[in-house]
Structure formats: structure tokens, C-alpha cells
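Asker: Protein chains in written order, with the numbering used here: chain G, 308 to 714; chain P, 386 to 586; chain V, 235 to 371; chain S, 378 to 757.
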Amino acid sequence: MKRLQLQRWSGSVLSAQARTGGRLQQRLYTAIRHQSTASPAAPAGHDQLIREQPQAPSIRPSRPSQSRYNLPSPPVEAARESAKLASLHARLYLPSRLPLETLARSLVDASADPDPNFNNESLATLGHDLLTQYTSEYLVCTYPRLPLTVVFAAMYAYVGPKTLAAMAKEWGVESVAAPGGEVDPGYLQFRRLPPGAEVNPELITGTERPHEEETHWRKSVTSRVVYDNEYGDPVKAGVPPSELPEREAKNNNLGVSHEQASSTFVHALMGAVYLHAGRPAAKRFFEQHFLSRHLNISDLFNFSSPARDLARLCARENFDAPVARIISETGRKSRSPVFVVGIYSGADKLGEGAGASLLEARFRACVASLKGWYLYSPLNVRVPSSMEEEGAAPWKPVHVDLGEVII
Amino acid sequence: MAHCIAAPKRPLVALPFLLPSPCESIALALRRNQSSYRRTKQRLRVKPDASFGSSLTHTQEDHIVHNPPSSAPSVYLTPTKFLPSGDIRRNLRLASVKNNDAEALPPVVRAPSEKKYHLTPSDIREIRRLRATDPMMWSRLKLAKHFECSPIFISLVCETSPQKKEIQKRVLEAVQSRWGSKRRMAREDRQLRKDAWGRDE
Amino acid sequence: MPIQGIRTVASARNGVGAFILQCKQLDFHYCDWAGSSRGMVAYLRHHLHAFAKANPQIEIRVSPRPNKHPVIRGVFVNGREKVICVRNLEPEQIGKKANLLREASGEKLKRTTKPVTSINESVRGIWSPYHGGLNGV
Amino acid sequence: MRPSLRLLNLEVPSLQGSRALYVCSGCRQEARPRPIAARQFLRHASNADSLSERVRRKIWGTDNPPGEKDPYGGQGVLERKFSKQQPPKQEEVAEQPEEVEDLTLTDASYEPATTWAGLERVGHLNRWNDYPRSEADTYESFAVKTKHNQKGPLSLAAHQAAVEICLMHALNKPLVSVCDVTEHEKPIFDMIYECKIQPNGEWSKALEYPNKRTQDTLAYIFEQIGAQPAAPAAEETAEDLVEASELEENGEIADEPASDSQDAPFFGYQDVQDEGFLSLPLTDAVTKFAYLKRFSQLSGHYFPDPIMQQISTVKQAVAYAQGELNKKPKKLAEYLAEDQRLLSLPNVKIFDKRRTTLHRDDEMGRKKIIEAALRARGLL
């Protein structure tokens, strides 16, 4: 199975001595290490993996409950006693191969427990990448002509931090007042921001973008693909592993917002499902909880000059130049006229719009025509990750055309 | 009449022949309580429209009534012209739609201006010179009229001096300073409405 | 920039993909001594395990509340709580009350005038007088 | 007007010097020393020169005005407490014995009544509370002071009672008189301990002595018990002590417990040697009454009438004392905590105590914040 191969790769290649890889690899390593140590209920298939692991650090020795106040997060054995955790497991229809211990771990934010063996950071990194991959391939294959800015907005709407925080709330995940070893592991544990702290810092500095100090320079959409994150937001540059500890120590004094902690939890849960139950379960989890949400993509567009865009589009595609025609109208000389204007290219109607003035109707008709172009969706959409299933049909290339109009 | 309305409704509906007289108000009151089956049947009895399709001649046979919605088309319905050539829907639609070229297209909003492409590089140099020497005299509109082109073309070719921009800005401020609150709000609202066009709200 | 994306949040449709039961916690309170808890004690002894087994997604907490009437408290995903006093009720009636809390959404009760509400777009669109088969006057 | 006007000045320094760093505003108001002028109007009847006392003196014109000293009730609770600590005043002590003597000496033909019939009044004529404790006031319980609940002491008590009743049967003496001696001396108890009971169903023949000498000694002792009151019995016990010491020298007592456990119940013995007494029947009403009385005395358990009706063997009596016959109803939490069907479900939690806000705070990690805040303010 491919999943096992991945784990074998990470377990054998990335030993504790030669851990010079990037941050992602390091986190993957810690995630695997956790799985081998803190999941006594793991199925028998993992035994081989456990043997392959390099010397895994032992879990924390069990201590009496008095000293739980000294722990930064609940001990591993507390997960079995928590009814909250068990009910959350059942409420989300999580696969039974995902043990409660891992679910408890995915609820511990890095701000609560800085130890990477016990917080969800590594799981969240994996889950974040999975979520963005699944969402982006769904969007790109379903709407192949979608402009990139709208793809960014759709990604934000599907797996953005606000959505994930709302999702965690809809799952019934409550958060603790302050993290500690005595709290119920069924709560989301993170250190809260001090009162009055700035939640959204306006300017993110320290990105990898060249000339980032030139704020008035134009940022092309293409450069946002390269330098920015999946929502088109600037992202902080990675830190080499040698500087990792002191930076984490600096960050741990600060808290995180509830939104950020919730989205980290959802990411980590996705990663945990993938690690324990495999790819099909992870895809099912994604489809049931993420793709099933309602999003009207046509509401994400904001045009500034649709007539020019449409003219450029028709010129590019060798259509006849678009012409606005009045389909119907009423009350032209009255206080509240209504015009219905259609955009025609030759004899074919591209779209129509109604407005209180001819200008508005034409504008709206152009918007409708452009949306008709951008929201094209091929039949029988398949995503590339469906090829990973057993016995998948041979891959047919998805529809790709020139897509977005670039002025 | 009052006691008729107050009477239990269901028996009267069930036994319409017991009604004493075809009183209009009772009939109206009873129509509200028709069973949904009858109501549905009645609604379906619509007059055949020309848009229903070509199967009007064979009404005896089973046929599909195509009754297009009386609403603006959805944006998710890609126009046939925008469908890529490999899409199966393109051929299906082309086959089903009759070739009605004979039907005249609706009137255009504004006749597309014929592009003349008559200006030479020397003309463009002249435009730039005129605009640089006397920006107050040679505005965009005047130049467009003089050279028989569109003002947009003038703005593509040359740019006005910063002094002219500053003067224009002052003039605009002077005009706007005379606006009262009503006019200012109306203008702002108009701009907001215009912004909403692009979001299709 | 010709087109800008508008940032929104995809809205949840509970039950379209996964169905999240809105009742997340049920607290059963009883009194060991008082007679009004007789039915509740019998319910907890004989019927609770079946209810808990059928609803693994509900966290069930049983705790005494001495010298008070027995109550069932339901905590819901939306943060609200519903409490039902089950004094002097028979175990079967208490089971019905527990089921009532289980199936509740947690919202305040309100009259539903329309049987169906949907965020999906209408199939035939919103009717407009300027579309459809326009017949000349 | 504050209700605590009777607060003594003595109280004030103790409040002010208390360890509490924080005194709430109400307490601070109470604890503040009052001005002298205001204190003069305090109506302290216990103070000799209180306002009311001085007014009375002035009205009557003498230093010793007639009438009640304090017409508004006695001392306050606090005053009484303080006056108890201080030595009582001389005059009050002097008065009381006179009254008592009056009572006792006036009537030479005084005879204490045994029943209430014909008495005009039942109870003490004066305020009995005010007199010091006399000989008659000391209470000695019929039963032992500590109630035995463990199996070992209860069996020992049942065995001892059975042996004694058997002895009385054999000696043909009134059975109930075994209760005259609550606790025997250690050598006698040792001998009783050594005795065995054959479960043959006959009280008079059931007893089996370890040797002849024990039989003679026990018979001698219990011959004494029913006949005379306690004073000769004490002498006998003294004699027995000598005999018992001889017994000890002979080394016949096998399992002699440590000597430091003298004050322990049953002299440190843990359990009986044989269980034969359990099968003894309690069908005869006199025997049953005597046995249960003695057993009740030794074990400290009270046998209500319905239970006494039910009991027909010694075994049942012991079972009742062990709490097996009518147990306390089991708590639901204990029952549920043993229910395997519920224990196997991970989403069920059962608590045996009421859940309070404090529990929830602890669960959510808020408790430590609250405690830290309270500590920072010196409230904890």
C-alpha cells in the first residue's frame, strides 16, 4: 500500500541523526514517531512499522494526578478516560483505526504544548497540504477556466481559516480557558491571546518575495502563485531548522487566536485521518465535511471593466465582436425603466442582463457573459487524486484552455 | 350568507351538489380549499405555447413539453458558443436548435462605430505636440473631434501635463464644494450602486 | 486588475455530506433518596446503556443531585442548553424525553410556516416579466 | 442599628491581629474600636457599672437596689463564654451549696422515689444545669462504648456470650445475670476463649472445656456472678488473677497476643477458634433474650423487635450485627460503576458526587487561573 510506503520512507530515511531536511520533513518525522509510540490501539499492520522506527523516545512516564497540573497538556493515557473525546470521535464518523490518543493530540495546539511530540503541529502540516491539494484539484478540474483570483477566493471559502474555525464550532469542539495537564483532552487546547492583542497584523514582513519593501509596486497574479499562499496572502519565509528552537521559544510566549487554533485542529485531524486510516478515508472525510459545504462560485467575482474583458475575450477566441442588443424594455421615459440587454456575438447570445439604465443593463449583460465563460464546467469531472485508488480507469486529461482573460 | 361560510367546509366540498345556489362568494371561499390534486391538475391545463416545441401536431402521442422558464438564464448555463469543441453538449444543442436566422435579431443599443485607422505617425506626433504646448486649449475631447478619433485613443497616445491635472482637480473640488448633503449622498449612492454592478448584486 | 475575488465562507449544510448530531452532551441528574427520582433511577439502571450505545456521539454524564428533582440537561452544538425536569416520570417517559433532547437542534422553538427552506438556487430561476415566451400585446 | 452591639471589646484586638490580610468592609466596620462616648451607652448587664445598673442605683438611692440585676435576659453567649474561662465570682459559689443543703437536710424522711406514680412533679426541683456534676449524673452505658462492625470482634462477642449462657445453663442460674459484668478480666476471657461449643443443639451440654481446671474455675466464677453484686465478684477476679497467672506459667494458652494490646477490644484477639456456636438455636425465648442481651452488650449492636422475631439461631444474630440482614441501600452511582454494559461504553461518564461549577472550571483549566488570581489578592 502506498501509505505504508510513505511511512517507511519517512521512518527509514529520516533518522534522528541525519535530520537535515526541511521543516515539512521534520514534522512528518515527528508525526510518525508519535504514531508509533502513543497509539497502543493501532492495528496490527503497524507493528512492522514500529519495529522499523529508529529509537523512539519513550512516552512520558505516568504520574499521579496531582502532578498533572505541572504538565502542559493532558497525558496520553487521559484520552481513554474522556467521554468528550469519544463522543467527538463518533460524531465526526472518524474511522475506528484512528485512536482516541491521536484525536487528543490533534486537539493540542503548539501554543499549549511546545513539545513537538505532543502537539498537533506536525499533523497540521500534513493535513494542511492534503486539504489544499484536494480543494485546489477539485476547483481547477471542475471549473477549468476560473481566474486565479477567484480560485484564491474559492480556496479561502472552502478551507480558509474562517471556514475551518466555523467547522470546528459546528462539530461541537469547545476550547479550554487555559491549557494544562488537568483539563479534559476533549477540549481544544491553546494559549489565548492576551487581552487587547492585535489579532490581524496588517503587514506581514519577512516574505520570500523580492523587493517586498516596495509596497506600491504592482504585484502580478502570477507572482502570487509563486510567493503567496493558497489564498493569495503573503506568507512568511521558512526558517532553517537550525534556528527553529529559538524561534519557537519566542512564539510560545504569545498565544494564538481561537480562529487560528481551530483551523490548526481541523488541519491536524485531516492529517491524522490520513495517517491512520489511509488515503481513501481521508478523501471521504474531505468530501463529507469540506466539499459538502455550500459555496456559490458565481458570487466570488468582482468585475471592474467587463465590457473590455469581453471584447478581448472574443478577439482572442476569434468570435465576432460582442454587440449589446435590447431584448426588451419598459418605461424608458418613466422614473423606473427596465432594460433587458443581451450581448450577442454574431447571431449567438452570450448573456443578458437587466438594469435601470442601458449602461447598467449592458454592464450586467457583460458580467453574465463573462461568468458564462469562466464558469464552464466539463461533464464527468475527475480529479488527479482519483487515480490513486485501486483499479482506477485510465486517466483522461482534464480540460485545459486559455482560460482567464489577461489585459 | 354568513351561515353558509360558517358551515363546516369539508362536507360542502365533498358534496358540491348539495350547495343551495351557485353563490359567487361561496364559490370563491371554497376554491381556497380545493384538494391539491385538483389544484395541480388545473394549473397544468395551460394553453399550448409556441415555445413548447414542435410536437404540437402530434398531440396524441407521448411527447415532452419544453416550457422554458420565464427568468433570466443562469450563469452556470454556459452559452453554446463558449462550449469547447470537444464538449458533447455543444453538438446536442446545435442539433436541437432550429436554424432561425430569418428571425431578426433585437436592435442594438448603440451602433458600433466603424474604426477608420486613418491616423498616421505624424498625426500622432501632432496630437502630442498640441497637447504639450497648450493643454488648456487642446483638451481630449477637442483633439478627438479635430482628428476624428475617439477620446480614448487620445488618452492612449498621450498624457496631459501635471499642471493641467492639478487645475482640473481644483475645479472639481470647487464644484463639489458647492454640493449639499443631499446631492453628495446621491452621488455617493450612485457610485456604490455602480460598484455593485460588477459584483452582480 | 480586471477581476477580483470576493472572500466569503462556505456555508454548512448539515446532512448533505456528514450529519452532525446537534445534541452533544446529555447530563442525567438524579437523587438517591427522593421518590421523584424513582423512575429516573430505574431508567439509569436498565435503559441507559441501550440509549448510550445507540448514540455514541452524545457524551453522557450521570451525576447525583441530592434533594432535587431529577433532570436531563442537553447541551447542544450551538451552545444552548435545554433542561427537562423528569420528576415522577416512568422510565419509558424518561426515555422519550431523552430522545426529545437528542433530536432537538438546540434552537428555540419557533413556528415553521414553510415546510422547506433551502439555500439552493431555484431550478427555473426567479420569475421575471421580461423573459420567457413574450407575446406581443 | 447593627445587631452585634454586644460584641465585646475583648474581641476587637483578636480580629485586628488575625492572620487575614484582607478584611472585608463589613468586618472592618465591626472591628474598628468604637469611641469611648458611644461605648458608655452600651447596655452591658454583666459589667458591674453598666448604664442600667447605675440608673437603678440612682433611682433607688442605694448601692444595692432591689429587683433583678438584669431585667433584659441573661448574659450574651460571648460573655458567658468569657466568664467561664475566668474564675467564677465568690458570692455565687457561696450561695449554691446552701441551697443544696437546704433541700437535703430539711426532710429527714426523704426517700427517693422509684416510679413516677404519686409524684407531683418529675425532675429536679431547681435548675439542675447549674449544679456541678454529682455521682448520680455520671452515665455508664450498658453496652460497650465502641460498636464492633468487623467480623472478628463480632464472632468473639458471640462466642463469649454463647459460652457464658451455656455456663449459666449448666449452672442452672438466671441467664440474664451474665450481663452484670460487662467485661471480664483477661485470664477469665482467655479461659472463655479456650472453650469450645459442640453444635449439638443443647445449650446446657454444648460447652466443651479444654481441661478440668478451666471448667472448675469458670464454674466457680459464674457461680459468683448471679448471687452477689459486683463487690465480691471483684475479689474473686483478684483470686482468679492469681490462678490465671499460674495457668500462664503452665503455658497452656497457645496464642497469647502481645501485652501492649491490653486496651484493645477482646484483649487483642482477632478471631474465634471454632465456629460451633453459630449453630446454637435461639428457639427458647428466655435463652434468646438472654443471649441477645449479652451479645448486644458485648457488640454494641441494638436488636429491634422485628429483627429479634426473625432471629432463630446465633448465626442470624451475628449476620444481623454484620449488617447483612438489612443492608443500607446501595447508591446508584456504585451500582452503575459496576455495570459492565456502561463501563464498556466510552461516551458514558458516571460521577458519584454532584458536579459543581468548580469541577467544570477544573476540567476547562479555569480553576488554576482563578486560584492564582485569588492568591495574588491574598484571599486564599
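Cβ atoms here follow ideal geometry from the backbone N, Cα and C, with glycine treated the same way.
Please report the straight-line C-alpha distance between residue 451 of chain G and residue 539 of chain G, rounded to a whole angstrom.
Answerer: Straight-line spacing of the CA atoms in residue 451 of chain G and residue 539 of chain G works out to 18 Å.
Asker: Taking only three categories from DSSP, how would you classify residue 645 of chain S?
Answerer: helix
Asker: Starting from the Cα of residue 504 of chain G, find the closest Cα among G/563, G/658, G/598 and give me that residue.
Answerer: G/563
Asker: Using 10 angstroms around the beta-carbon of residue 704 of chain S, count the other beta-carbons present and answer buried if the total reaches 16, otherwise exposed.
Answerer: exposed
Asker: Using C-beta distances below 8 Å, list every residue in its chain close to residue 719 of chain S, excluding the 5 sequence neighbours before and after it, in chain order.
Answerer: 713, 725, 727
Asker: Output yes if chain S places a C-beta closer than 7 Å to the C-beta of residue 275 of chain V; else output no.
Answerer: yes
Asker: Could you please give the first and the last residue of the uninterrupted beta strand (DSSP E) stretch that includes residue 415 of chain G?
Answerer: Where residue 415 of chain G is concerned, there is no enclosing beta strand (DSSP E), given that its DSSP letter is neither H nor E.
Asker: Quick one: grab the DSSP three-state call for residue 574 of chain G.
Answerer: helix
Asker: For residue 609 of chain G, which residues does DSSP report across the bridge?
Answerer: V/238
Asker: Put residue 456 of chain P into one of helix, strand or coil per three-state DSSP.
Answerer: strand
Asker: Return the CA-CA distance between residue 584 of chain G and residue 385 of chain G, expressed in angstroms with no decimal places.
Answerer: 22 Å
Asker: Which of the three DSSP states, helix, strand or coil, is assigned to residue 492 of chain G?
Answerer: coil
Asker: What are the boundary residues of the beta strand (DSSP E) that residue 684 of chain S is part of?
Answerer: Segment 682-687 is the alpha helix (DSSP H) holding residue 684 of chain S; no beta strand (DSSP E) there.
Asker: Are the segment 685-700 of chain S and the segment 554-565 of chain S touching, with three or more C-beta to C-beta distances below 8 Å?
Answerer: Taking 8 Å as the limit for Cβ pairs, the verdict is that the segment 554-565 of chain S does not touch the segment 685-700 of chain S.
Asker: Which partner residues does residue 319 of chain V have in the DSSP bridge list?
Answerer: DSSP, once it has assigned bridges, lists V/305 as partnering residue 319 of chain V.
Asker: Give the DSSP-derived three-state secondary structure of residue 650 of chain G in the structure shown.
Answerer: Note: residue 650 of chain G maps to strand in three-state DSSP.
Asker: Going along chain G, which residues have a C-beta under 9 Å from residue 726 of chain S?
Answerer: 388, 389, 390, 391
Asker: Using only CA atoms, which one of S/730, S/748, S/729 lies nearest to residue 761 of chain S?
Answerer: With chain S represented from 378 up to 757, any question about residue 761 of chain S goes unanswered, as that position is not in the structure.
Asker: Answer yes or no: does any C-beta atom of chain P fall closer than 7 Å to that of residue 680 of chain G?
Answerer: yes
Asker: DSSP three-state call for residue 313 of chain V: helix, strand or coil?
Answerer: coil
Asker: Beta-carbon separation of residue 722 of chain S and residue 286 of chain V under 7 Å?
Answerer: Contact check for residue 722 of chain S against residue 286 of chain V passes: the beta carbons are separated by less than 7 Å.
Asker: Throw me the rounded Cβ distance for the residue 273 of chain V and residue 341 of chain V pair, which I believe falls under 8 Å.
Answerer: The Cβ separation is near 28 Å, so there is no contact.
Asker: Taking only the alpha-carbon atoms, compute the straight-line gap between residue 520 of chain P and residue 552 of chain P and give it to the nearest angstrom.
Answerer: 11 Å
Asker: For residue 454 of chain G, go through chain V and note every residue whose CB falls closer than 7 Å to its CB, in chain order.
Answerer: Think of a sphere of 7 Å around the beta carbon of residue 454 of chain G: the chain V residues whose beta carbon falls inside it are 237, in chain order.
Asker: In whole angstroms, what is the alpha-carbon distance linking residue 276 of chain V and residue 698 of chain G?
Answerer: 54 Å
Asker: So which residues on chain P does residue 632 of chain G lean against when the C-beta distance must stay under 9 Å?
Answerer: 490, 491, 492, 493, 494
Asker: Please classify residue 474 of chain G as buried or exposed, where buried requires at least 16 neighbouring CB atoms within 10 angstroms.
Answerer: buried
Asker: Only counting the same chain, and skipping five residues up and downstream in sequence, which positions put a Cβ closer than 8 Å to that of residue 377 of chain V?
Answerer: With chain V running from 235 to 371 in the structure shown, residue 377 of chain V is simply not present.
Asker: Which runs of the alpha helix (DSSP H) spanning at least 4 residues fall entirely within the segment 611-640 of chain G, listed in chain order?
Answerer: 613-623
Asker: Below 7 Å on C-beta distance, what does residue 469 of chain P contact in chain G?
Answerer: 706, 708
Asker: Tell me the residue span of the beta strand (DSSP E) that contains residue 674 of chain S.
Answerer: Here residue 674 of chain S belongs to no beta strand (DSSP E); instead the alpha helix (DSSP H) covers 662-676.
Asker: Could you check how far apart the C-beta atoms of residue 542 of chain P and residue 513 of chain P are, in whole angstroms? I think they sit under 8 Å.
Answerer: Between residue 542 of chain P and residue 513 of chain P the beta-carbon gap is near 7 Å, inside 8 Å, which marks them as a contact.
Asker: Which residues in chain V have a C-beta closer than 9 Å to the C-beta of residue 737 of chain S? List them in chain order.
Answerer: None at all; the shortest Cβ gap to chain V is about 11 Å.
Asker: Distance, Cα to Cα, residue 668 of chain S vs residue 542 of chain S?
Answerer: Distance between the alpha carbons of residue 668 of chain S and residue 542 of chain S: 7 Å.
Asker: Excluding the 5 residues flanking residue 271 of chain V on each side, which residues of the same chain have their C-beta closer than 7 Å to its C-beta?
Answerer: 264, 265, 304
Asker: Of all the alpha helix (DSSP H) runs that stay within the bounds of the segment 423-482 of chain G, which reach a length of 4 or more residues?
Answerer: 428-449, 455-466, 468-477
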